[in-house]
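Note that this note's numbering has the sequence shown beginning at 2, numbered continuously upward. Even glycine gets a Cβ: it sits at the ideal position worked out from N, Cα and C. Please read these numbers as outputs of a predicted model, since none were measured by experiment.
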Amino acid sequence: MPDHAELRLGDASYELPVVVGTEQERAIDITNLRSATGHITLDSGYKNTGATTSAITYLDGEAGILRYRGYPIEQLAEKSNFLEVAHLLIYGELPTKEAMDRFSHEISEHTLIHEDMKGFYNSFPTYAHPMGVVASVTTSLSTFYPESLNPHRSEDKINLTIKRLIAKFPTMAAWAFKNSIGHPAVYPKNKLGYVENFLHMMFALPTDDYEIDPVVVNAMDKLLILHADHEQNCSTSTVRLAGSSQANLYASISAGIVALWGPLHGGANQAVIEMLDRIREDGGSIDKWIERAKDKNDPFRLMGFGHRVYKNFDPRAKIIKKACDDLLNKLGMKDPVLDIAKKLEEVALNDPYFVERKLYPNVDFYSGIMYRAMGIPQDMFTVMFALGRLPGWIAQWKEMVANKEPIGRPRQVYIGPNERNYVNIADR
Ligand code: SDX
């Protein structure tokens, strides 16, 4: 394969270098395109544009491959745990037992949030969507920890800022839920593991202990691993863009949270359950809804289906589908929408419209059924996605800062009015 591309513009010809990644991905480097040719490229939605080089996550959309720092997602989901995967993503290596114990202990020391932050929760209406609460409270961490404001502090300061966020996010998320149901906040118990502590803060009551079910813990831990990173998706690109202005970590992560909220992105897991419930209430007629999803004049889309990168299958969806079956069987639960989801998948995967467009179930298609089985309320589903994606966002922000990447500032092609003179209002 050539080590450069040739661009012809009229009589002129330009050579553009080709960058090759460790998995033989190839990119035409246009860093100097505008200065050399006076032209920019145009690529709505960045479908063909690489924003950076990264050593964190590799995915191959055609082959359905997803690896964190080289480790296949299937192995990590089967053998690792979420905090260990967080260490792998952020620091680049699987930790030794000693390093893991230290990492886990240090995180357990920062699970409390400043007592003054309770005032924020009391100020939100009970109907506030937890994503809006969590995004706001995450940014507010930078006001309580001013040493976090400078992303170029010492490694120790950056690691303390990172550990505070990983430790406090479950507390902030659980308190958003408690606030939404008018229940008192439950404080973390540091003798509990990371996922156990989150479940404790979500479901324990002053009137009643919450019995932690290891089946639920294992299922949630696996889901968090599967959501932990996904290279340059919408929310991660938002974190990197915000951080490229040298905004602090907490503010950059908050930008990622709000980008994730949209139903085309992380909000899809909530939209999938709402869609499945709507189909169930409508009598469960799969064909009618499949036809609606195909109708260009109908805004209805099959939520949880399709992906910008995966054009064969989303490896996470395969794992989650099996984990969903296992969880419901172990809990002795039946969820009528699971049968509808499986039927939808079967019908869609045999329908030319979906086959031609390479639309398959994505990470969000079955995850909501698992969250519901664990007792997580629907409007907390995307908060769960954010909890899982947190270490990936942190790792990507840390890589961008360490690489001293320039502030992100895309160009545009202007299509508005040409120059014209001001007209006084009396003359218009
Ligand atoms: C996530 O990027 C990531 O990595 C994201 C993520 C991560 O881990 O960070 O994987 C998480 O966001 C998963 C995606 C969750 N979103 C949904 O499930 C929402 C439903 N899916 C679609 O909106 C859509 O598939 C997207 C947004 C996921 C991808 O959109 P693209 O890549 O811009 O593709 P497109 O919209 O151009 O669709 C191509 C064609 C179009 O039809 P034509 O105009 O060619 O005739 O496929 C159709 C679309 O109308 N299409 C769908 C569809 N998704 C695409 N038709 C019906 N139902 C759908 N779900």
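So does residue i have its beta carbon nearer than 7 Å to some heavy atom of the ligand SDX?
| i | result |
| --- | --- |
| G46 | yes |
| A294 | yes |
| C325 | no |
| M276 | no |
| A6 | no |
| H106 | no |
| L329 | no |
| R309 | yes |
| D365 | yes |
| G267 | yes |
| F306 | yes |
| R68 | no |
| L360 | yes |
| H184 | no |
| N234 | yes |
| H231 | yes |
Could you tell me the distance, in whole angstroms, from the CA atom of residue i to the CA atom of residue j?
| i | j | result |
| --- | --- | --- |
| K169 | D4 | 47 Å |
| D30 | P362 | 33 Å |
| Y128 | V240 | 27 Å |
| D315 | A13 | 43 Å |
| F178 | E156 | 34 Å |
| E75 | E99 | 25 Å |
| D102 | E282 | 48 Å |
| A260 | N330 | 34 Å |
| G46 | R309 | 10 Å |
| V348 | R317 | 20 Å |
| I57 | R279 | 38 Å |
| R410 | A248 | 15 Å |
| S286 | K344 | 10 Å |
| E79 | I321 | 12 Å |
| P112 | K405 | At residue 112 the sequence reads Thr, which differs from the Pro that was named. Cα to Cα, the separation comes out at about 30 Å. |
| N160 | M401 | 15 Å |
| I66 | L200 | 31 Å |
| T162 | S238 | 21 Å |
| A229 | C235 | 14 Å |
| K119 | N198 | 19 Å |
| I433 | A403 | The chain is shown from 2 up to 429; residue 433 falls before or after that span and cannot be answered. |
| Y59 | P189 | 35 Å |
| R9 | Q397 | 36 Å |
| E275 | A294 | 15 Å |
| N180 | N219 | 26 Å |
| L34 | G51 | 15 Å |
| F355 | N425 | 55 Å |
| M2 | A28 | 12 Å |
| K223 | I416 | 48 Å |
| G284 | V196 | 37 Å |
Return the Cβ separation of residue i and residue j in integer angstroms, given the expectation that the two are a contact with Cβ distance under 8 Å.
| i | j | result |
| --- | --- | --- |
| Y106 | P96 | According to the sequence shown, residue 106 is His rather than Tyr. No, H106 and P96 are not in contact; Cβ-Cβ is about 12 Å, not under 8 Å. |
| A324 | M375 | Contact flag wrong, Cβ pair sits at about 11 Å. |
| L388 | F306 | So it is not a contact: roughly 24 Å between Cβ atoms. |
| I226 | S55 | About 19 Å separates the two Cβ atoms, so there is no contact after all. |
| S143 | A252 | 6 Å |
| W176 | Y92 | With a Cβ gap of about 28 Å, W176 and Y92 do not count as contacting. |
| H115 | F145 | 5 Å |
| A6 | V19 | 6 Å |
| I254 | T172 | Wrong, their Cβ atoms sit about 15 Å apart, outside the cutoff. |
| A69 | L90 | Reading off the sequence, residue 69 comes out as Tyr, not Ala. So it is a contact: roughly 6 Å between Cβ atoms. |
| Q233 | G369 | Contact flag wrong, Cβ pair sits at about 25 Å. |
| S246 | I408 | 5 Å |
| Y15 | T38 | 6 Å |
In this structure, what does DSSP give as the bridge partners for residue i?
| i | result |
| --- | --- |
| F306 | P362 |
| E16 | E7 |
| Y59 | R68 |
| V216 | V216 is not bridged to any residue. |
| A28 | V20 |
| D209 | L206 |
| P73 | R68 |
Given 7 Å as the limit, tell me if residue i has its C-beta closer than that to any heavy atom belonging to the ligand GDP.
| i | result |
| --- | --- |
| R302 | Ligands displayed in this structure: the ligand SDX; the ligand GDP is not among them. |
*Taking one C-beta from the segment 386-394 and one from the segment 329-346 each time, how about it: are there three or more such pairs within less than 8 Å?*
no
*Would you check if the segment 380-388 and the segment 267-278 touch, i.e. whether three or more CB-CB distances between them fall below 8 Å?*
yes
*So does the segment 160-175 actually touch the segment 107-120, counting three or more Cβ pairs closer than 8 Å?*
yes
*Does the pairing of the segment 292-307 with the segment 201-218 give three or more beta-carbon distances under 8 Å?*
no
*the segment 180-194 touching the segment 36-51, judged by at least three CB pairs closer than 8 Å*: Counting Cβ pairs under 8 Å, fewer than three are found: no touch.
*Contact between the segment 198-210 and the segment 142-150: three or more CB pairs below 8 Å?*
Put simply, the segment 198-210 does not touch the segment 142-150. Fewer than three CB pairs are less than 8 Å apart.
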